[in-house]
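Residue numbers (this note's numbering): 1 to 268.
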């Protein structure tokens, strides 16, 4: 196989987490080695559907995911599981960006394949931490908000680049420092070390979303700031959770004017 789009589809379709990780790392290495290329004549993408995933965790509405304190190993395991589920979804989101959207420069595909590779490492670290806490991926219910937004934006590369990396994934930049402080309060240095790595690397992933959102705007003759706000209104009713990690978002390509706009729109 030399078609990167089909290789990405294989990663998407894999339901066993270990197989998804293996295929993700193999596909990234093959792309780096020049063995895979985006094929401009490849068959168009299939309509978006649920990606491959194991039977567990059970998926429930976000408001039905129990909130647990971090003072017990069970509570810390639940937090680690929630983050692991986000990272598992993020693998699929990155590969869907490679599979679904055609006609981009090669750097676009390299950016999202690299993100998938990173997210797979993140998931593996969190899976191993769960095992140390006496649990496994699937032991707690989870929600499907990230993939639901992927489905809503499957028809538009512009909307996808705006709303998945720059809104949903960027939320991780905002909330992770607070999680680290809470974990520091209960002495969980092992989980903190993993979250430090994830926070640092997620800045680059959100930056990829910023870069390719602006590329789409330039392609389509759109002004990026106004377009981003309009997409927030169209897809999310203008609802945005704050507060924001301004330094991390600036490092991820948001500019000061954007951050002021977001702060004015945000609820806390």
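Quick reminder that beta carbons are idealized off the backbone N, C-alpha and C, glycines included.
Nothing here was measured: the structure is a model prediction, and the numbers come from that model.
Can you tell me whether residue 176 is buried or exposed? The criterion is at least 16 other CB atoms within 10 Å of its CB, across all chains shown. buried
Quick check: what's the CA-CA separation for residue 214 versus residue 33? 28 angstroms
Between the CA atoms of residue 186 and residue 197 - distance to the nearest angstrom: 19 angstroms
Give a yes or no on contact between the stretch 40-52 and the stretch 127-141, applying the rule of three or more CB pairs nearer than 8 angstroms. no
Helix, strand or coil: which one does DSSP assign to residue 72? coil
According to DSSP, simplified to helix, strand and coil, what is residue 31? helix
For residue 175, the first and last residue of its enclosing alpha helix (DSSP H): 170-185
What do you get for residue 100, buried or exposed, if any count of 16 or more other CB atoms within 10 angstroms of its CB means buried? buried
Whole angstroms are fine: how far does the CA of residue 116 sit from the CA of residue 92? 7 angstroms
CA nearest to the CA of residue 90, picked from 233, 103, 172: 172
Looking at the unbroken alpha helix (DSSP H) that takes in residue 196, where does it start and where does it end? 189-220
Terminal residues of the alpha helix (DSSP H) in which residue 247 lies: 246-251
C-alpha distance - residue 263 paired with residue 245, whole-angstrom precision: 11 angstroms
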